[in-house]
Structure formats: structure tokens, C-alpha cells
Amino acid sequence: MEEVNVFFEPIRALLVQVAAFLPRLAVAVAIVAGGWLLAKAVRFTVVRALRAINFDVLTRRAGIDDFLHEGGVESRMSDWLGWLAKWMVIVAALAIAFNGLGLAYVTALTGKLLAFLPRVALALVLLAVGTYFARVGGAATSAFLRHTGPADAELLGRLVRYAIFVFVVLIAIDVLEVGGGIVRLTFLILLAGLVLALALAFGLGGQRWAAALLARWWPDADGRSRDAADD
Amino acid sequence: MKPVAAMNPDALTAEQLRRAAPAPLRPPLWFKDVVIYEVHVRAFFDSNGDGIGDFPGLTSKLDYIRDLGVDAIWVLPFYPSPGRDDGYDIADYHDVHPPYGSLQDFRHFVREAHRRGLRVITELVVNHTSDQHAWFQAARRAPRGSKKRDYYVWSDDPQRYAGTRIIFTDTESSNWSYDAVAGAYYWHRFFSHQPDLNYDNPHVLKAVVRAMRYWLDMGVDGLRLDAIPYLCEREGTNNENLPETHAVIRQIRRVLDEHYGDRMLLAEANQWPEDVRDYFADGDECHMAFHFPLMPRIYMAIAQEERHPIVEIMEQTPDIPPACQWAIFLRNHDELTLEMVTSRERDYMYRMYAAEPRARINLGIRRRLAPLLDNDLAKIQLVNGLLLSMPGSPIIYYGDEIGMGDNVFLGDRNGVRTPMQWSPDRNAGFSRADPQRLYFPPIMDPVYGYEAVNVEAQARDPSSLLNWMRRMLAVRRTTQAFGRGSLRFLHPGNRKILAYVREYEGDAILCVANMARSAHPVELDLAAYKGMVPVEMLGRTPFPPIGDLPYLLTLAGHGFYWFRLCTDAAPPEWHEARDTPEDLPVLVLFDGWHTFFRDRVVPWRIGMAERVRSHLEKTALPRFLARQRWFAGKGRHIEAAALKHCVELASAGASALCTLLEIAPGEESACYFVPLCLAWEDEEERLRLLQPAAVARVRQQANVGVLADAFADPSFCLALLEHMGRASNIEAPGGCLRFSRTPAFGELDPDALRALDFHARSLSSNSTAQLGDRYFLKGFRRLRKGVNPELEIGRFLTTHTDYAHAVPIAGALELKLGDGGEYTLAVLYRYVANQGDAWDYTLDYLGRFLEAQRETAQAPAGDVHGVYLTRVQTLGLRTGQLHLALARQTGDPAFDPEPITAEDLSAWHARIVAEAAASLARLRASSSSLPAAVQAAAEPVLAREAELMARLAAALPPGAHGVKSRYHGDFHLAQVLIANDDFVITDFEGEPGRSLEERRAKHSPLRDVAGMLRSFHYAGASALLNAAAQRADDAARLAPLIDDWEHAARRAFLAAYASVTAEPDRPDPEAAATMALVALFEIEKACYELRYELDNRPSWALIPLRGILRWIDAPPAAGAHEEATWKK
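Sequence lines, in order, name chains A and B.
For the first sequence, our numbering gives the first residue as 1, with consecutive numbering after it.
For the second sequence, our numbering gives the first residue as 232, with consecutive numbering after it.
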């Protein structure tokens, strides 16, 4: 009899454990199911809210929607943000469920995911707003320069636009905390390269002009320019 | 009360006669509005063949004087007199000079004049008498110091009053003459045979007042006080304008006011204006006084070709009391006096106007008006134009209205007192006496002689001076501003132009005259009248409205204009307004068209977009709509004009926003199509074009411009054409702009399109744009859901028939909504070169016809309307052919004809009865607010409402014949263009007051026939009203002529129509039923017109009211004599 008991004890213990786990599982499943429903509602709300505040207009003007469209993606940025909001709720529900089930590692993993998703949303918003302003800034620069005279107004406008755009992309990447060091390094290299290019262009291409400018700014004591003294 | 005509005039006292005079004779201050005709009994017409004019003769010519258009007759002295000073030497104040008739004749004359609405002014010569007067004969024999002796001024010393000037320097050397019987000198300011009365003797004034009351009791309306400044004498003065003289006048006035309230005293005081002003005093001396200095200065201004003399004297003229008036004149029975000019000016006047020394007399010139002005018609008309428009009541000297000449070889001033020239007959038609018996010979020279210049000839010549004067006097009567208005001179840079404005109680008349013999331009500063439309008064022609710039006019040599400055007159149809309303709101557009849509702007601009949209809908658009001719709710407060549907239309030139506006409060079923465009300051030409059509000013950052109605924008219209040429579809949220074309569009050549001239116009219910000689774009403004019948019928006629007399449709623009609804926004026609529409043609024709008939007493010839009726016949043919084309079987259920059933007839009849009842109800409701003339016309219609309804109830045609089909729907003369002496029918939109369903429903085409018949009535009545506006007296005489014309036009139209549409074997009952149906549709149309006019132009309601009244009187008449036309 005792032998029989010994034989069934693990089964009984297993059953006891299963019996103790099942309610928690049921609760977890319920949480996930509720979270999923809530996520759908949140997605709907977010998309509607973004459209109500004309977020689509912003992304369209920024060229993001067209960019996505050309890439074969039919959804708009507001749909993406809605999707992100939805998944944030689902991941949160999963984290709670996993925690309820006592799955600490999985809980920690979903927690990390949960912390990352808002940054993605924020990065997207930053990208949208920044790209819009990059366009506005570029257009304003071109328009201003067209009226004030210098040639290549369009080129300079584009330069401004891309400069702002690069800056915004770097911020977005920074927000995502993905490869921050490389990004900073890349930015510094780009900036140094630009300054060097300008210095070279200024020093070589505009040497005489720069000399004349310096002579006008700091003339010699006797009033002659440096160029004249050199001669 | 018995009517005046039923009284026995001879049994009445003079006062009874006066009270019985027509009401218009008795308004207060009547003398401020009159034109006076100065006439000498002796010279006007001789009734008894004794060679001297008389009162019966003058009475027989009163119709002539009335028809001339004057209001009063000033009769020169007609009292017993030795006749040594043209009657001003009176020998008896209480009788009529026997050769002129009797007191009974005079009474009859006054009575007849009053019966014609003419007032009578006579002379009160109270400064002096004839030396043959009983008073003088008694005085010279009376003892010194006696009452009778002191009736005159006596002296033993001829040096007394030494400082007094001699007036008649040519004949008198002293103001004193010795009388041997009296043994003393007597005082006379004029001829020695005219001793002055002594007003220091109170008995003299009493005797004079007795004489005055004698004539006033006989019905005389006014008295001219002759030589009034010289009544009293005082040593040490110049014996003119003395205070004692004014005291005498005040006593005379007091008697007048106490016993004769509305009579008038006219002072003859040949003095400077500031001295004459005293004769008005505080309104308690004379009512009127002559303005002597003005007259020579008018002649001087003409001679010098310079406005200065007139402006100078009028600016020196003091203001007079409100109840007083100046009397102004060009010529009179005396010489053209030059007393009131400087010596240098007098010399100049003599040189210019009296080179012949014989023409000079005293300090003046004894010539008539025409010889003074070298018989130059333009000059004569100019000075008359000035006379009639200057402040004061003008006086016309008899004979000057026909340009009579003078005879300087007759003594004294008798050269301007010759017999009136009535005809080329013996003695100028003045007298049947032997020529040698005439008091003076008539003028007989080849230029001014009675064979060349006479009333009979000029009455028959529409362009004669006489008829011109009649027209001018008729025009002058249309306003009180000339008689009572203020005077303000304008000071244009061109000094040869005299320009002034007369204003009275909101009525402003601009007078512009060219003093020079050659054409001159002038720029007038009329800023104070900005926005008003100058309407030339003689031809009632509107000129372009007054804008910001100086108003430019060009005047022919000695030309002049009178303009009424109107706020309610429409500018000329061809005029393009170029001024921008000043109070345009400013809209800040931060994002182009997107600014107006909260869902198209970036998030942080949503609030601003909502504010701009609200500003557009609640301020800018309502103000813009209120200014538009085509907006039906004019005068109604608009709370908002909401953008209901918007589609952006981008083109190479510029983009436009096609909007449908929903008006609040307004009709739910209707909305307005207002395409909007933007023009910026760097597009100068486009901005200039669009400014008149501006809705708002706009600013986008530093760029400013206007938001405007795109129908004024060539780029927009060309874009429409290009889209039509490509038959494009433009999709937009909630709708789609669908462009279509027909074969009439032709080849699309965008470059050629852009080279076309563009001319936009805003009409009463839509807007149009003409593009060169190729296309005509018509944009509908007030839209109802559904296909517009104009597009539907036009497309049908263009594509399914070969009917060549409708303007072909080339394309269309429609808006298709997501819910299946649709609107017709615009149609494009092929342009048809034309000579205007038949309405203008008819009005011009009738205007010319009435003008010609007005000047002649002869009945018009039987075929007087021959050419016009030929055109009407053509119109009848084209109408019949149109109806046949529309009734063609094509398989299209919207067009295939259907037989008229008895049910149709009953339904139509019931609706017509209901509409008639509704029209009369509306008339009754609004009758109290209608103009007086319309109220008068409405009264008999309302009084006979039951009769009208009974006749209508019985007017259901006996049987149903013919077919119902699509038809024009609003057929009248203005819908028909004249092209190559034929007609082209246009505008198939139907009556705008009806729903689209009604307009698209099939009906009897006889409705179009009835519409055209009503249009003939409208044209005739309009022409008659125009004629009456110029001369009301002629309306009664001309009305039968218009009736004859209308009947002839109806017959011609119906006969031609029937010749195309009637079946050859049509039985008589069908013809009767057809005509009965036409008559029924005529009253339906008249009721529609009545409702339309009451809503839009109440003063025009007169015409449909007359039509309704005529229908009540004789509805079958139209059928009775026109029925035969239906039997082919």
C-alpha cells in the first residue's frame, strides 16, 4: 500500500501543483485577453485622436506618408503609432500575466520591451515633426534667399533641410538609445568633415577674398593692408 | 362738389374761380418751381383781324404755351395807355387797353389759363403813370399842396435831387420836366411822359393798393413790380433803394399776405445782387426779384469762352430767404441791359454782340436771343441749358423758343416786340389784317423771317429749337433741384468748362457746360458722389459710376450735359467696375486654400483655421453676396454663407476653389455657386481685373492680395474650357467635378484659348464670360439640385436636332455628389455674333416711334410698323420651328412629346387659378408699401378680384388638343438675340422662380407663345412709361398708338407661329381652344410677373397690373381677332 502511495505521491503532488497553477493561468489568460481587447480600443482611440489633431497632415507634409507609400507600405504614421500603442498595452498585459504566472525572466524581458516601445513612439513623433520642420526650414531658407539675391538658393535650402533632418534623425536614434556612441561619433565626424570642407573651400577657393576681408578688418598701423605690406 | 368743367364760369366770382382751380395751381411757394413765359398781348395773336394782338387771340394760343412746358405766363402791360413806352405808360389802372379786348376777355383768359394749369402774372407799374393818366391831369391843375397835386413829385427847381442818374440817357437830359399847366417841374426817372408817383403822399399808396387788389381779385397769381427801386426820393441820395421805398413795398406785401395767401410779388430792380437782396428783406417784401447781372455774364462767358464771369457773379450773389426766389432770363422786352457790368465789360459786350451801332440803345443792346448768338443753334441751346439749370425761375421771352429775329430799324426797343411768327402765311399767321395795318411789321429777312422761322414748321421738325425747348422744359420739370436746390460750383482745371451741382432733398443734378466753340475734355472732382451713377437727363442714359479717379467727360463745342446723380440707377451694362470696395475684411491665409479647412492644416494651426473660416463665412462672403446682382436675397440679413461643398480646381494659371455656399437664413433647397481664386500683388494685371470681384483682402506672410470671385478671372474661365475640352473628371471628397463637351466645342487648342479676349459680366441671376468670338461661358449662381434645363435642352437641340436658331452648347460643368445628387454649375456656348437682344431693339424702336409721333399731330401711316412687323413674323417662325424641334421623337423619355389630356388641362387650370389667388393676396399684403402710381393701378385690380377669379374659373378650354413637350419656359424678347437680321434663341433655363422639376416638366408650348405676347405688352408699356417720364402730358395721346403697335405685333407673331405649327385641316373649335389656352397662359404669366415685380422691382408692378386689368376687361378679345391666325 505504501508502495502504491509512493507511486502516486508525485502524481498527486503534480496534480496539486497543477491545481494550484490553473487558476493563475486562467487569470493570466484573462489578463492577456482583456489586454488584447483594451489594446484594440487604445489603438482605435490613438488613431482617431491623431487624425483629429491632423497628425496625418503633419506626416503627409513631412513626406513620411509618401515615403512609406513609395516603399509599398499603405499605412500612415498614425496607424503605426496606433499599432505601437496597441502593442504597448498587449506587452503590458503579457508582463502582468507572466508575472502572475511567476515567470520572472519572461517578465523581465517583456518589461524591457515595454520600456522600449514608448521610445519608438516618441522617436516616430520626433521624426515626423522634425522632418516637417526640416521641410519648412528648407523652404523658408530658399524663399528668403531667392528674395535677397544670392544664387543657389535652392541648394542652400536643401542643405538646411538635410542638416535639420540629420539632426532630427540623430535625436530620434538617441531617444531609441540604439548605438548612441556610434551615432555621436558619426555626428562629430560629419561635423568635422563639414568644417574641414568649409575651411578648405574658404582657404583655397577664397584665399584672396579672405585676405582682403582680413585686411579690411585689421589694417596695419600705417593704414596699409597686409597684402600691400607683403608686396 | 360739382366738377369744374360743369360750372358756368361767367356766373362765378374771381375768387370762386381761383378756389375751383386745379389743385396743382395752389401749392405754397409755387413760384420756386415755375418756368415763366413772357408774352405781349399785342404781339402774340390777333383774333379780330385789326392788326393788333388781343386777349381772345392769346387765349386761343394757351394750348401752345402749355404744350411748350411752361408753368406761368407773364403778360406785359395791357392797360389803357398812349403807348409811348410799350404800355408802361399807364393811363388807367382798372381797365384793359381797348385794342387788346375787354375786362371780360381778360377774365376768360385767366380762367382758361388756370384750367390748363398755367398761372398768370401781370404788371403793377407803380413808380410812374402816363402823363395822360387822370391822376396827373388832375394834379397839374390842382392847387399846390393839395392832395391831388401831391400824387406826383413837383419842384420849382430842376436842380433838386442832383445826385440822381438819368436812366434813359439816349432820350432824356434831365429827370425833371416842366409842365406849363402846373407851372412847375415834375419828377420822372424814365421818359418825360412818365411822371413818377409821390409815395410821400399816403393817398397814392392807397390808390395803388386798390389797383393791385382789383387785379388780384380777378384771379391774377403774381404781380411784377416795375421799376421798384425808384419809388421814393430824398435829397442828398441817389434816390435808389431808399429805406422809405422798402417801407412802401412792405406795406404792399402786408396787404397781399392778409388777403391773398399764395400770390407773388416780383421785383424789377436793375441793381447789383447785394442791393436786390434787400427787396427780399426777411421774406416780408418781394417773393421774387430779377437777377439782372447774371444775364450779361452768360453772354460774356460764351464770348470769352471762359466760365469765370458766371462763377464770379453767382459767388457774389447773396443767399436769399428760403421762401424767396430769383427770376432769371436771357432776353426780355427791354434791351439787354449792361448797367450791371463794368465799363470795360460793357465795351467788350458791345464789340462782341453789337458791332452794328444801331443795335445799341441806352446802356444795352436791343437784339433778340438768336441774332445775339449768330443764330448758332448750339450756342442757343447752351445758353438755354444754363438758364434752365441756374438757381431761380427762368423766364422765356416769347419767340425765343423758336429763335425769332429782330428789327433794329424799328424805334426804341420795338425791334424785339414784333409779331409772333406762327406760320409762313401772311403776317406770319399772326393776323388776318392787311399787312399795313399791323402794329409792327413781322420779321421778313431771309434768315429770321417768318417764312424761315415759325411755329408751324418747327412743330413738325423733331430736331427744331421749339421741340428741343419742349424736351428741355419737360426734363426740368422732373426735379425740384433746379428751382429750389443749392448751387455748388466745381472747379475743374479746364476753365472753358462750367460745372456745378444743384442739390435738393437728396436729388443731385450735375450740370456741365462747354463755353468754347470746340470740343473740350474735363476732369471733375466728384469724390463726394462716389458710387453714384450719373444719368444723362435728356436721354436718360446711364454713364459709368463715379469712382475714385476724377470723372472724365468730353463735351462737344458749346455742348452741355445735365446728369442726375443716382444711387439707385444701374450702371451701363457694358461698364466694368474697377473699384475695390473699401471695407473688405482681411483674411490671413497661412496655408493657401487649406487655411479654410481645419482638417487640412498642421495640428497647431487648427484653431486659427477655424477662426479664418468663420471670418470668411460670417463676414466676407455675406458682404460679398449682398453686393452681387445675382444674389436673390438682396436686402436680407445674411448670418452666414457656409462652404457646403468645395473642390479645388488646379490649372496651369492658378488654382481656384469651387464652392457651393449654403445661405443662412435661406432657402434649404437652394445654394450658390461661388468659385474663388486668389490674386497676389505681384500679378498686377490680374489683381486689377479681380479687384471689383473681390471677396476679401488676403495676406500670406508678407504677400498681400485678394480673394475674389473666380468668374472674373480669365485663368479660371480658361481652365474650365480646357477641362471641358478634355472632358475631365476631378474627384474630391464627397463629390466630383465633371466636365463634358459636345461636338460644337471644336478643337481644343490651349494656346489659341489663351489668346482670346476675355470679357466678364455679372447679370441678374448668373455670370457670363465672353471669350473672343469663340465661346460664351455662363456660370449659374443660384443652384438647385438636378440637371439645369438650360443644359438639358441646349444639349438636346445641339446634338439631337438640326435647329439652327438656338445658341449651340459646347460644354458643361457639373458637380456630382457622393449621394447621387448633381448640380449644373456652368455651360459653355459657342459664341454667336449678334446685334443685341430683341427687347432693346424693340424699346429703341418704340422710343424713336413715340418721339416722332410726339412732334406731330398727324396719325401714323397704316404701315408705319412694316419693318418691325417683318421681324416679328420671323420671330414667330423661329418660335414655331423651335417647338417642332423640341417635340421631335428621339426615344428620350425626357423629351418625347405626349398628348395633352383632359387631366393635364384641369391640373394646369387649377394651378393657374391658385397662382392668381396667391398673386392677388401678395398684392393686397404689400399694397400699402407700393409707390403711389402702383397703388393706383392695384386698386381696380383688387376691387375686381372676384370678377377675375370668376373669369378664370370659366376659362378652362373646352377640349384637349395638341401635345405637351419640352419648351423654352421663360420666353420673352430679352431671350432672343438678333443676328444677321434673324433671331437666335437663348437661355432655356426657365422661370427662375419655379422649381427645377416644374421647369423640366413637359407642358404646352403655347406657354412660350403667351410669354412672348406678354413681352410685347411689357415693351409697349415700358416705352410709354419712358415717354411719360419725359412729358407726362403726352402719355394719354401716345397710349393708343402703343396699343395699335402691340395688336399689330401680336397678330404678326401669332400668324407666323401658326403658319409653322398649325395643321392645315385644323377645325375651328381647335383654333378657339388653342387661343383660349394662350389667353389662359397669358394671365398666368401676368400673375407670375406681378409676383416677381412685387418681390424685386415694385415700381414695375404697374405693367403686369395693367395686363391683368386688360385681361379682366376683355380676355376673349385676344382670341376673337387673333383666332383666325390659327386657321392655316
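Built from N, CA and C at the ideal position, the CB exists for glycine as well.
- Under the Cβ distance rule, Asp830 of chain B counts among the residues neighbouring chain A, one pair being separated by less than 8 Å.
- Boundaries of the beta strand (DSSP E) harbouring Asp940 of chain B: 934–940, taken from the DSSP string.
- Taking Arg726 of chain B as reference, the option from B:Gln1261, B:Met675, B:Ala747 with the minimal CA-CA separation is B:Ala747.
- Among the residues of chain A, those whose CB is under 8 Å from the CB of Pro834 of chain B are Ile53, Asn54, Phe55, Val57, Leu58, following chain order.
- Scanning chain A for C-beta atoms nearer than 8 Å to the C-beta of Ile837 of chain B yields Ile53, Asn54, reported in chain order.
- Around Arg76 of chain A, no beta-carbon contact reaches into chain B at under 7 Å, the shortest distance being about 14 Å.
- For Arg61 of chain A, the closest Cβ of chain B is nearer than 8 Å.
- If only complete runs of 3 or more residues are kept, the segment 1156–1225 of chain B shows the beta strand (DSSP E) at 1207–1210, 1213–1216, in order along the chain.
- If you look at Met746 of chain B, you'll find it isn't in any beta strand (DSSP E); DSSP assigns it neither H nor E.
- The segment 593–602 of chain B makes contact with the segment 634–647 of chain B; the number of CB pairs closer than 8 Å reaches 3 or more.
- Judged by beta-carbon spacing, Ile31 of chain A lies within the 8 Å limit of Ile96 of chain A, meaning their Cβ atoms are closer than that value.
- The three-state reading of DSSP puts Pro625 of chain B in strand, counting E and B together.
- For the options A:His147, A:Ala143, A:Val175, the alpha carbon positioned closest to that of Val160 of chain A is the one of A:Ala143.
- The Cβ atoms of Pro1124 of chain B and Val1194 of chain B lie no closer than 8 Å to each other.
- By a beta-carbon distance limit of 8 Å, Ser333 of chain B does not contact His424 of chain B. Their separation comes to about 26 Å.
- Unbroken alpha helix (DSSP H) stretches of 4 residues or longer found wholly inside the segment 116–163 of chain A: none.
- Sequence-distant Cβ neighbours of Arg985 of chain B in its own chain, meaning closer than 7 Å and more than five residues away, are Leu949.
- The segment 966–1052 of chain B contains, as complete alpha helix (DSSP H) runs of 4+ residues, the segments 981–985, 1020–1031 (chain order).
- Here the alpha carbon of Phe976 of chain B sits roughly 56 Å from the alpha carbon of Val42 of chain A.
- The DSSP-derived three-state label of His1278 of chain B is helix.
- In terms of Cβ geometry, Leu497 of chain B and Ala558 of chain B form a close pair [threshold 8 Å].
- Each of B:Leu462, B:Leu454, B:Phe399, B:Tyr445 was checked against the Cα of Asp427 of chain B, and the nearest Cα belongs to B:Leu462.
- Counting C-beta atoms within 10 angstroms of its own C-beta, Ser1159 of chain B has fewer than 16 neighbours from the protein chains shown and is therefore classed as exposed.
- Closest by C-alpha distance to Tyr530 of chain B, out of B:Asn1019, B:Ala958, B:Asp605, is B:Asp605.
- Taking a contact to require three or more Cβ pairs closer than 8 Å, the segment 1205–1224 of chain B and the segment 1063–1075 of chain B qualify as touching.
- A Cβ-Cβ separation of about 7 Å places Asp317 of chain B in contact with His564 of chain B under the 8 Å criterion.
- A residue is called buried once 16 or more other Cβ atoms fall within 10 Å of its Cβ, and Glu915 of chain B, having fewer, is exposed.
- Across the set B:Val507, B:Phe947, B:Asp515, B:Ala534, the C-alpha of B:Asp515 shows the shortest separation from the C-alpha of Gly492 of chain B.
- DSSP places Trp305 of chain B in the uninterrupted beta strand (DSSP E) bounded by 303–306.
- If you draw a 10 Å sphere on the C-beta of Ser694 of chain B, you find fewer than 16 other C-beta atoms in it, and that means exposed.
- Per DSSP, Gln556 of chain B is one residue of the beta strand (DSSP E) stretching across 556–560.
- DSSP places Gly453 of chain B inside the beta strand (DSSP E), whose first and last residues are 453–456.
- Per DSSP, reduced to three states, the secondary structure at Asn960 of chain B is strand.
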